[in-house]
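Visitor:
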Amino acid sequence: MAAFLLGAVLLIVQPQIVPSRPAINSKAETTSQSVQRELLKKTSQKNDFKENIHSNGSCQQLPQTIIIGVRKGGTRALLEMLSLHPDIAAAESEVHFFDWEDHYRNGLQWYINQMPFSYPHQITVEKTPAYFTSPKVPERVYNMNQSMRLLLILRDPSERVLSDYTQVFYNHMQKHKPYPSIEQFLVKDGELNVDYKAINRSLYYIHMQNWLKYFPLDRIHIVDGDKLIKDPFPEVEKVERFLKLSPQINASNFYFNKTKGFYCLRDSGRERCLHESKGRAHPQVDTRLLEKLHEYFHEPNKKFFELVGRTFDWHSFVAS
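Numbering (mature numbering (1 follows the signal peptide of the UniProt record, and there is no 0)), first residue to last: -20 to -1, 1 to 300.
1. According to the neighbour-count rule (16 or more other Cβ atoms, all chains shown, within 10 Å of its Cβ), is residue 236 buried or exposed?
2. With distance defined between alpha-carbon atoms, name the residue in 159, 231, 155 nearest to residue 214.
3. By alpha-carbon positions, which one of 78, 140, 62 ends up nearest to residue 295?
4. Entirely within the stretch 203 to 246 and at least 3 residues each: give me those beta strand (DSSP E) ranges in chain order.
5. Compare the Cα-Cα distances from residue 240 to each of 248, 250, 254 and report the closest residue.
6. To the nearest angstrom, how far is it from the Cα of residue 233 to the Cα of residue 202?
7. May I ask you to list the residues that DSSP assigns as paired with residue 39?
8. Any idea what DSSP makes of residue 177, helix, strand or coil?
9. How far does the alpha helix (DSSP H) with residue 108 in it extend, from its first residue to its last?
10. Hey, is the stretch 143 to 150 in contact with the stretch 183 to 191, meaning 3+ C-beta pairs nearer than 8 Å?
11. Just mark residue 216 as buried or exposed, buried being the case when its beta carbon has 16 or more other beta carbons within 10 Å.
12. Considering only residues of the same chain and omitting the five flanking positions on each side of residue 62, which have a CB-CB separation below 6 Å?
13. At which residues does the alpha helix (DSSP H) containing residue 139 begin and terminate?
14. May I ask you to report which of helix, strand or coil DSSP gives residue 45?
15. For the beta strand (DSSP E) that residue 71 lies in, which residues bound it at each end?
16. Could you tell me which of 71, 204, 283, 212 sits nearest to residue 40, measuring between CA atoms?
17. Alpha carbon to alpha carbon, what distance is there between residue 83 and residue 156?
18. Based on the DSSP output, what are the partners of residue 167 in its beta bridges?
19. In the DSSP assignment, what residue or residues form a beta bridge with residue 251?
20. Assign residue 174 to buried or exposed, taking buried as 16 or more other Cβ atoms, counted over all protein chains shown, within 10 Å of its Cβ.
21. Exposed or buried, what is residue 135 when buried is set at 16 or more other beta-carbons lying within 10 Å of its beta-carbon?
22. Distance, Cα to Cα, residue 228 vs residue 94?
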């Protein structure tokens, strides 16, 4: 009897390695679950982490905030603007930890090693736009930190498609490689090619549904990318409030650069703009084809607005 009672006590006090999962019907692949279990076993206990501590008292830590997307939505601009705040420590490069299997298998210690050195009072932020549209990422982020604050920046879906194409087009041009016209991607058998990956990335409601399985809406702040381009300060103010930061960024931190055609940053007397690859002109698209694109996004956008309880001033939405 005494042995039985001792066994029961040990079972109760044994630490739980794998965090609880949300009450949803998830059909994650067995291999993915196995990788996650091994990852958590290796990195869930504090003693498993090697803290890289700088002589000034700063150290590398897991991010408390992630900019999850969307690609060509303005993630780099948002990160640069947030970096104006003294309580933000931002990772320089896109880490691709949760969406690239080779990186994910390296474990959380590897992830920590990609983070900037920060002080205890600072919020560490990383951004990888591909996270938003990657099916496995929400669950993986949840397993790491259920209290994560997520930033999602979106813009007009049609404009995002054109920006998506523009980026790939210029990447090929820099390598002196030919690249098809946008019409060759947007049109298939005389109809809009809905299988084009750039169009799928703009179906926000599909990807958002996946994130809402794991994180409540109050943990995901949606930044209006179109407004951030036209008037950045009000959007950055909202992000400050969401992250519970003291209001440190001011309207004077932004100035419109007429040469570049977009807002640049002013920090302690220093002025800096985004890389020349930002703000490139979109390709000219036939008006009828553009209208087809707007029409296609009408219903998906409507579903997205209902999902998040807000509307955005996008071409493809007509109030009914």
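No residue lacks a Cβ here, since even glycine has one placed at the ideal position from N, Cα and C.
Guide: Well, looking at it:
1. Sequence index remark: in the sequence shown, residue 236 carries index 256 (1-based). Counting C-beta atoms within 10 angstroms of its own C-beta, residue 236 has fewer than 16 neighbours from the protein chains shown and is therefore classed as exposed.
2. As a working note, residue 214 is residue 234 in the sequence shown. Comparing alpha carbon positions, the residue from 159, 231, 155 closest to residue 214 is 231.
3. For this step, residue 295 is matched to residue 315 along the sequence shown. Closest by alpha carbon: 140.
4. 234 to 237, all fully within the stretch 203 to 246.
5. For this step, residue 240 is matched to residue 260 along the sequence shown. Nearest of 248, 250, 254 to residue 240, Cα basis: 254.
6. Walking along the sequence shown from the start, residue 233 turns up at place 253. Walking along the sequence shown from the start, residue 202 turns up at place 222. Straight across, the Cα-Cα distance linking residue 233 with residue 202 is about 22 Å.
7. One-based indexing of the sequence shown puts residue 39 at position 59. Under DSSP, residue 39 shares a beta bridge with 33, 98.
8. Here the question's residue 177 lines up with position 197 in the sequence shown. In the structure shown, the three-state DSSP call for residue 177 is helix.
9. The count along the sequence shown starts at 1 and reaches residue 108 at position 128. Here residue 108 belongs to no alpha helix (DSSP H), and DSSP marks it neither H nor E.
10. Contact fails: fewer than three Cβ-Cβ distances are below 8 Å.
11. Locating residue 216 in the sequence shown gives position 236, where the first residue counts as 1. So residue 216 ends up on the buried side.
12. The residue given as residue 62 occupies position 82 in the sequence shown. Cβ neighbours of residue 62 beyond the five flanking positions: 68.
13. As a working mapping, residue 139 is identified with position 159 in the sequence shown. Counting along the chain, the alpha helix (DSSP H) containing residue 139 begins and ends at 137 to 154.
14. Counted from its first residue, the sequence shown places residue 45 at position 65. In this structure, residue 45 counts as strand in the three-state DSSP scheme.
15. Counting from one through the sequence shown, the residue named residue 71 turns up at place 91. Premise fails: residue 71 is in no beta strand (DSSP E) and is neither H nor E.
16. Position 60 of the sequence shown, counted from the start, is the residue given in the question as residue 40. Among 71, 204, 283, 212, the Cα nearest to that of residue 40 is on 71.
17. As a working mapping, residue 156 is identified with position 176 in the sequence shown. As a working mapping, residue 83 is identified with position 103 in the sequence shown. Approximately 30 Å between the Cα atoms of the pair.
18. For the purposes of this step, residue 167 is identified with residue 187 of the sequence shown, where counting begins at 1. Residue 167 is bridged by DSSP to 172.
19. On the sequence shown, position 271 is the one that residue 251 refers to. In DSSP, residue 251 forms a bridge with 246.
20. Here residue 174 is taken as the residue at index 194 of the sequence shown, counted from 1. Under this definition residue 174 is an exposed residue.
21. Reading the sequence shown from its first residue, position 155 is the one you call residue 135. Counting Cβ neighbours within 10 Å, residue 135 comes out buried, since at least 16 surround it.
22. On the sequence shown, position 248 is the one that residue 228 refers to. On the sequence shown, position 114 is the one that residue 94 refers to. Across the structure, residue 228 and residue 94 are spaced so that their CA atoms are roughly 26 Å apart.
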